[in-house]
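Chemist: Could you have a look at this structure, given as structure tokens, before my questions?
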Amino acid sequence: MAKILILHTGGTIGMTRTEAGYRPDGEYFRQAVFHMDSLKAKGMPEWDFLETDPLLDSSLMTVAEWNTIGQVIADRYSQYDGFVILHGTDTMAYTASALSFMLKGLNKPVILTGSQIPLCETRSDGRDNLITSMIIAGAGKVREVCIYFGGLLLRGNRATKYSADGMQAFVSPNYPPLATAGISIQYNDSALLHRRSDRFEMRAFANVPIGVIKVFPGIRFELFESVLTGKLRGVVIETFGSGNIPDVGGKLLPLLEKARANGTVITVCSQCPQATVDINAYETGHMFVQAGAVSGRDMTTEAAVAKLYYLFSVYSDPERIHYSMERDIRGELTAKEDL
Ligand code: ASP
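Below, the structure written as structure tokens:
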């Protein structure tokens with residue numbers, strides 16, 4: 598029988614109401630999980646339960662917490678057949694992306710889940726999310742970092758939070774679901790990552806300065822002059838459509854060129870959830886080609902941010918990082934040659 602580690606890191610699923618609003622309540626949640634009959638039912642995997650300290654609303658998660666979660670998995674990798682990480686929804690797609698890069702050669706399921714309504718409330722979606730995640734982790738069919746939520750199993754570094762109100766909080770607009778959980782759990786075999794042959798290892802992230810800039814009509818790039826310095830190692834620019842940017846007055850190109858000369862890796866993503874960035878497609882994206890920026894292709898901003906942290910943690914040469922940003926390393930993007 599499979600054995601799974603449940604790691605509670607915080608988030609709505611384990612919160613109870615206080616005068617200041619919902620906050621994580623470890624004691625309540627521990628009791629609730631240990632008393633959940635379905636988790637002990639016949640056919641369910643065996644499990645152990647751990648929690649991080651402190652439990653956090655996921656909006657407070659940082660690189661340090663990503664490293665802690667990665668380390669918990671790495672330290673216990675051989676003891677368990679899979680891992681279920683209970684996490685807040687707000688930054689779940691960032692943590693899932695970070696873990697996908699951090700856990701190199703992963704050959705076991707790591708499923709992140711949580712809920713929109715706390716387990717302490719009658720209509721909570723946490724119970725099904727937890728139980729189905731346990732079943733998926735125990736089945737061992739997926740060997741990658743995923744998010745299970747509201748009936749969908751998504752690749753973690755393809756997912757993005759789409760709804761703060763609905764029970765289906767996540768979508769992966771540029772990649773099909775890995776499984777759908779209806780009456781039975783249907784896996785999409787052709788979408789799963791192949792079994793890894795390389796050795797499993799955890800590569801902790803360095804807290805390098807990374808930035809995200811979202812463009813809008815009339816953006817005054819001169820205001821970013823103090824941001825686009827050599828201190829910023831990687832920047833993700835969320836552009837319009839397939840990589841377009843309004844360089845009114847020609848202020849942007851010199852800034853980008855200076856940033857690139859300083860070793861900053863500029864990655865171009867899209868504000869459209871469903872998009873493939875190609876900086877060669879339009880004249881309004883051409884300055885990115887001139888400035889030596891990376892086409893983020895169909896990567897989410899979450900994946901691009903996590904990938905920059907990862908690559909800056911393992912390489913020091915910006916050219917090497919630039920090269921890897923454009924290539925698929927954990928199923929996070931569709932490379933040009935795959936289309
Ligand atoms: N603010 C919560 C969190 O991300 C929201 C949630 O879990 O749904 O921790």
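This note's numbering puts the sequence shown at residues 598 to 936.
Note that beta-carbon positions come from the ideal geometry of N, C-alpha and C, so glycine has one too.
Going by Cα to Cα distance, which pick from 741, 762 and 707 is closest to residue 926?
Modeler: The candidate whose alpha carbon is nearest that of residue 926 is 741.
Chemist: Could you name the residues that DSSP lists as bridge partners for residue 621?
Modeler: Bridge partners of residue 621: 612.
Chemist: Are residue 875 and residue 839 closer than 8 Å when you measure CB to CB?
Modeler: Yes. Within cutoff.
Chemist: Helix, strand or coil, according to DSSP, for residue 939 in the structure here?
Modeler: This structure gives no information on residue 939, because the portion of the chain shown stretches from 598 to 936.
Chemist: Given that a residue counts as buried once 16 or more other Cβ atoms are within 10 Å of its Cβ, and exposed if not, what is residue 719?
Modeler: Residue 719 should be labelled exposed.
Chemist: Is it the case that the segment 728-739 contacts the segment 697-708, given that we only count it when at least three CB pairs across the two stretches are under 8 Å?
Modeler: Contact between the segment 697-708 and the segment 728-739 is present, because at least three Cβ pairs lie under 8 Å.
Chemist: For the segment 689-700 and the segment 656-668, state whether three or more C-beta atom pairs, one from each stretch, are separated by less than 8 Å.
Modeler: Flag = yes, the segment 689-700 and the segment 656-668 touch.
Chemist: Would you call the segment 627-640 and the segment 759-768 in contact, with 3 or more CB pairs under 8 Å?
Modeler: No, they do not touch.
Chemist: So residue 779 packs on residue 765, CB below 8 Å; how close in whole Å?
Modeler: Their Cβ separation, rounded to whole angstroms, is 13 Å, which puts residue 779 and residue 765 out of contact at 8 Å.
Chemist: Since I believe residue 683 is in contact with residue 606 (beta carbons under 8 Å), could you give me their beta-carbon distance rounded to a whole number of angstroms?
Modeler: Going by Cβ atoms, the distance from residue 606 to residue 683 rounds to 6 Å, so yes, they are a contact pair.
Chemist: Would you say the beta carbon of residue 713 is closer than 7 Å to some non-hydrogen atom of the ligand ASP?
Modeler: Yes, since a heavy atom of the ligand ASP falls inside the 7 Å radius drawn around the Cβ of residue 713.
Chemist: Measure the CB-CB distance between residue 802 and residue 906 and report whether it falls below 8 Å.
Modeler: Contact flag set, yes.
Chemist: Just to confirm the assignment, what range does the alpha helix (DSSP H) spanning residue 690 have?
Modeler: Start and end: 689-699.
Chemist: Thinking C-beta only, is residue 771 closer than 8 Å to residue 871?
Modeler: Contact flag set, yes.
Chemist: Enumerated in chain order, which unbroken segments of the beta strand (DSSP E) with a length of 3 residues or greater are wholly contained in the segment 801-882?
Modeler: Listed in chain order, the complete beta strand (DSSP E) runs (minimum 3 residues) inside the segment 801-882 are 807-811, 831-836 and 862-867.
Chemist: Expressed to the nearest angstrom, what Euclidean distance is found between the alpha-carbon atoms of residue 768 and residue 601?
Modeler: Going from the Cα of residue 768 to the Cα of residue 601 covers about 25 Å.
Chemist: Could you give the residue range of the beta strand (DSSP E) that holds residue 710?
Modeler: Per DSSP, residue 710 belongs to the beta strand (DSSP E) from 707-710.
Chemist: If you follow the beta strand (DSSP E) that residue 681 is in, where does it begin and where does it stop?
Modeler: Segment 679-683, the beta strand (DSSP E) holding residue 681.
Chemist: Are the segment 882-896 and the segment 670-687 touching by the rule of at least three beta carbon pairs closer than 8 Å?
Modeler: Cβ pair count under 8 Å is below three, so no.
Chemist: Give me the Cα-Cα distance between residue 834 and residue 661, rounded to the nearest whole angstrom.
Modeler: Between residue 834 and residue 661, the C-alpha separation is close to 24 Å.
Chemist: For the beta strand (DSSP E) that residue 661 lies in, which residues bound it at each end?
Modeler: Note, residue 661: premise wrong, no beta strand (DSSP E); alpha helix (DSSP H) at 660-672.
Chemist: Alpha carbon to alpha carbon, how far is residue 784 from residue 616?
Modeler: The alpha-carbon atoms of residue 784 and residue 616 are separated by roughly 43 Å.
Chemist: Measure the Cβ-Cβ separation of residue 599 and residue 642 and say whether it is below 8 Å.
Modeler: Taking 8 Å as the Cβ cut-off, residue 599 and residue 642 qualify as a contacting pair.
Chemist: Alpha carbon to alpha carbon, how far is residue 809 from residue 865? Give it in angstroms, no decimals.
Modeler: Computed Cα separation, rounded: 10 Å.
Chemist: Compute the beta-carbon to beta-carbon distance between residue 918 and residue 908, rounded to the nearest angstrom, for a pair I have assumed lies under 8 Å.
Modeler: Confirmed, Cβ separation roughly 4 Å.
Chemist: Out of 777, 773 and 818, state which residue places its alpha-carbon closest to the alpha-carbon of residue 729.
Modeler: Looking at the Cα atoms, 777 is the closest of the given residues.
Chemist: How should residue 638 be labelled, buried or exposed, when 16 other C-beta atoms within 10 angstroms of its C-beta is the threshold for buried?
Modeler: Exposed.
Chemist: What residue from 819, 603, 654 and 775 has the CA that sits closest to residue 543's CA?
Modeler: Residue 543 cannot be examined here, being either before or after the span of the chain that is shown, 598 to 936.
Chemist: Exposed or buried, what is residue 609 when buried is set at 16 or more other beta-carbons lying within 10 Å of its beta-carbon?
Modeler: Buried is the call here.
Chemist: As a quick exercise: from 845, 716, 843 and 701, pick the residue whose alpha carbon is nearest that of residue 943.
Modeler: Residue numbering for the chain in the displayed model covers 598 to 936; residue 943 lies beyond these limits and cannot be assessed.
Chemist: So if DSSP puts residue 739 in a beta bridge, which residue, or which two residues, is it bridged to?
Modeler: In DSSP, residue 739 forms no bridge with anything.
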